[in-house]
Every structure is written in C-alpha cells, then in structure tokens.
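These notes concern the structure reproduced below.
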Amino acid sequence: MIVAEAWKASYLYWVFPVLIVATVFAILGLFGVVFAIRLFAKYTCGQFRKPTRMDGKTVIVTGCTGGIGKETARELAKRGARVIMACRNLEAAEKVKAEIIEDTKNTKVIVKKLDLSSFASIREFAADINKTETKLDVLVHNAGYADTFKKRKTVDDIEMTMETNHYGPFLLTHLLIDLLKKSAPSRIVVVASSLYRIGAFNIDNPNPVDTLPGYLYYASKEANILFTRELARRLEGTGVTVNCLHPGLIESGIWSSVPPPLSWMLYPIIKCFFKNPQQGCQTTVMLAVDEKLEKVSGKYFSDCRESSLSNSVSNMTRAKKVWEISEKMVKLGEDDPRIEA
Ligand SMILES: *[C@@H]1O[C@H](CO)[C@@H](O)[C@H](O)[C@H]1NC(C)=O
Ligand SMILES: *[C@@H]1O[C@H](CO)[C@@H](O)[C@H](O)[C@H]1NC(C)=O
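Sequential numbering from 14 applies to the sequence shown in the numbering used here.
Printed below as a string of structure tokens:
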C-alpha cells in the first residue's frame with residue numbers, strides 16, 4: 014500500500030501516460046505531415062494537362078515494359094499516336110501492349126525488339142524501322158540501367174550502364190536521324206536526371222568500371238545532357254529538335270539494384286516521397302507533344318518547366334569532346350549517317 018501511495022504521489026504517475034499519448038500523437042502527426050507532403054506533390058508537381066492529340070504521328074519509346082516508359086507509351090497511345098514500343102524483353106512488352114490497347118482502345122501499338130546494350134541489336138532495330146516506317150515524329154530515349162557494386166560488361170565489351178544509357182542511344186539516334194529529318198518537324202526526347210550533378214563522363218576513360226555503385230548511372234546522365242546540347246547544335250535548322258528532362262525521383266524498378274540494408278532504408282522514403290510512374294512521365298509527354306515547344310531545342314526540363322543546368326554541362330567544348338569520343342566508342346562506320354553541324 015505504501016508503495017502504491019508513493020507511486021501515485023510521484024510525478025511519474027502522470028508523466029508516463031502523458032508521454033505515451035504525446036508519442037502516439039507525434040507519430041500520427043508525422044504520418045499526417047508525410048501524407049500531406051505526398052498529396053501536395055501529387056497535385057503540384059508538374060502535370061501536363063493539355064489535351065493535344067497525336068493522331069497520325071509515329072513515336073518510338075525505348076524501355077517501356079514498366080515504370081515511366083510504360084506510362085509514356087500509354088499516354089501517347091491515349092492521344093492517338095502510333096506507338097512503337099522498343100523493348101529488350103518481348104514477352105513483358107507484349108503484356109504491356111495488350112494492357113495499353115485495352116486501356117486506350119488504340120490498336121496502333123507495336124512491339125519491336127531493341128537491346129540498347131548491344132550495338133548489333135540497335136542496328137537491327139534501326140534497319141527494321143527504316144524499312145517499315147515511312148516517318149518518325151518522336152523518338153523517346155527512355156530506357157535506363159543503373160550499375161551496382163558488380164559492374165557488368167555488354168557483348169561490345171563496354172560497361173552496361175554507359176552503353177545502355179548513353180552509347181546505345183547515341184548510336185540509335187545516328188541510325189534514325191535521316192528518317193527524323195525526313196519527318197521534320199520532329200523531336201527527340203532524352204530522359205536524363207538531375208542526379209547528373211553527382212557524376213561526370215570521364216573524358217580520359219570513356220569505359221570505366223572501377224567506380225562506386227551508381228556512379229556510372231550519374232555519369233551516363235551527364236553524358237545524356239551533353240549529348241542533348243551538342244545534338245541540338247548540330248541539328249539547328251533541320252526541323253528536328255532535341256530536349257532532355259529530369260522525370261523526378263520515381264518509384265520504379267531502377268531502385269531494385271540498391272543492395273540491402275540501404276534498400277530497407279530507401280523503401281519508406283521511396284514510398285512516401287517519390288513520384289509514381291504516371292506522375293513521372295508528365296515532362297516526357299510534354300516534350301513529346303506540346304505544340305508550344307516545336308522550335309525549342311537543347312533545353313533541360315523538370316516538372317514540366319524549363320530548368321537551368323550546371324556549368325559543367327553548359328561547356329560546349331566538353332560536349333563536343335564527349336561527342337567525338339562516343340563516335341569512336343560506337344564504332345560509327347563510313348556508311349553510317351554522321352550528324353554534322
Ligand atoms: C535507310 O533507308 C534509306 C533508303 O530508304 C537509306 O538511304 C539509308 O541509308 C537507310 N539508313 C539506315 C540507317 O539503314
Ligand atoms: C570546358 O571543357 C574543356 C574540355 O574538357 C576544359 O578543358 C575546359 O577547362 C572547360 N572550361 C570550363 C570553363 O570549365
């Protein structure tokens with residue numbers, strides 16, 4: 014009894030319950046704040062709301078079996094475009110194609126094999142397109158791969174990330190440039206990332222493998238932007254434009270390469286703060302369809318707005334150097350189209 018009386022008399026008697034209630038409220042409050050931020054982001058992060066149609070236009074979207082590529086293909090199909098899904102995994106692509114046709118009622122959705130980590134596959138794909146398509150209005154370079162601790166080499170003996178994200182699209186652009194020029198006004202859209210600021214294309218070693226995990230992803234994204242800027246310069250006056258973008262941080266398969274325990278910490282952050290793929294495809298779709306952008310070229314966009322670039326990617330000497338290195342890396346031949354200023 015004496016113990017109980019003393020307990021009641023002590024401040025602990027009321028401090029504990031108050032602490033518990035306060036903790037519960039703090040946790041609920043935190044969830045509330047996260048939820049509010051997420052909702053705010055959902056409705057304010059650039060949405061492309063124009064109903065612009067794409068009937069009669071042919072577009073190629075690379076890497077569209079999931080994530081923002083799939084949503085980009087869906088959006089463009091919804092607007093009436095003939096959508097060529099250029100994918101590595103044909104089985105997955107056929108499933109997505111069926112889903113998009115079902116959803117949009119647009120039957121002009123086509124699957125073609127393209128493996129950007131193989132120059133042979135890129136050449137095969139381009140030859141096929143060149144033969145079967147009379148025009149090409151939009152080429153969307155969307156496919157991406159992110160390196161991990163263990164670097165992988167492609168059949169061309171180049172590190173996987175650099176070839177899939179930069180050298181592959183560089184070669185594909187060359188092989189399709191005549192068709193794009195013939196179809197002018199036409200567009201190229203390059204999905205880059207604001208994470209380009211973390212990495213840099215290594216001019217002294219264009220095929221590095223001894224980097225930290227993820228670094229080559231950032232470097233390839235820097236290369237994407239330098240490529241966009243130099244390509245825009247070389248395409249001046251042709252009616253073919255090229256712009257690049259940051260889609261936002263997206264909930265997508267690309268994070269699956271992050272190893273545990275980092276991935277466990279990343280998971281709740283991804284769930285709470287990253288855009289879903291439908292929100293993530295908005296800037297790509299805008300660059301592909303917005304009539305207002307017909308003459309805009311060499312620019313970088315984020316959240317459906319033009320955005321500024323760092324000094325390193327504004328250096329045109331550097332852009333030109335990366336271009337020349339890339340021509341050698343993809344073994345651009347005598348008979349291949351060159352893109353000259
Ligand atoms: C595409 O076809 C045209 C002829 O229709 C040809 O001149 C051109 O070299 C071909 N380009 C490629 C990359 O195959
Ligand atoms: C631009 O890039 C070139 C080539 O990499 C380099 O030599 C030069 O210092 C850079 N200029 C600036 C202003 O950073």
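The beta-carbon is built from N, C-alpha and C at its ideal position, and this holds for glycine as well. None of the values given here were measured: they were computed from a predicted structure.
Linking V122 to V96 through their CA atoms gives a straight-line distance of about 5 Å. Our two residues, F44 and I263, have alpha carbons roughly 20 Å apart in a direct line. The alpha-carbon separation between G76 and N119 amounts to approximately 20 Å.
Minimum Cα-Cα distance from D223 among the listed residues G181, H179, K194 and T174 corresponds to T174.
Distance from the C-beta of N215 to the nearest heavy atom of ligand 2 is not below 7 Å.
For a cut-off of 8 Å, the C-beta gap from A106 to T78 is around 5 Å, short enough to register as a contact. In this structure, DSSP gives I216 a state outside helix and strand, which the three-state scheme calls coil. Looking at the backbone, the Cα of M342 and that of F314 are separated by about 28 Å. Separation of the CB atoms of V326 and I211 is rounded to 13 Å, and the pair is thereby denied contact status at 8 Å.
Shown here, N237 sits in a helix according to DSSP, grouped into three states. Across the set Q291, V74, P226 and G181, the C-alpha of V74 shows the shortest separation from the C-alpha of I201.
For V153 against A301, the beta-carbon gap comes to about 6 Å, under 8 Å, which counts as contact. With contact defined as three or more Cβ pairs closer than 8 Å, the segment 290-304 and the segment 239-246 are not in contact. By the neighbour-count criterion, in which a residue is buried when 16 or more other Cβ atoms sit within 10 angstroms of its Cβ, S323 is exposed. Per DSSP, L322 is not a residue of any beta strand (DSSP E), being assigned neither H nor E.
In this structure, T177 lies near G157, with their beta-carbon atoms less than 8 Å apart. With 16 or more other Cβ atoms inside 10 Å of its own Cβ, W336 counts as buried. Those residues having their beta-carbon less than 5 Å away from any non-hydrogen atom of ligand 2 are, in chain order, N328, T330 and R331. When DSSP states are grouped into helix, strand and coil, R92 belongs to the coil group. Put simply, the segment 128-143 touches the segment 155-172. At least three CB pairs are less than 8 Å apart.
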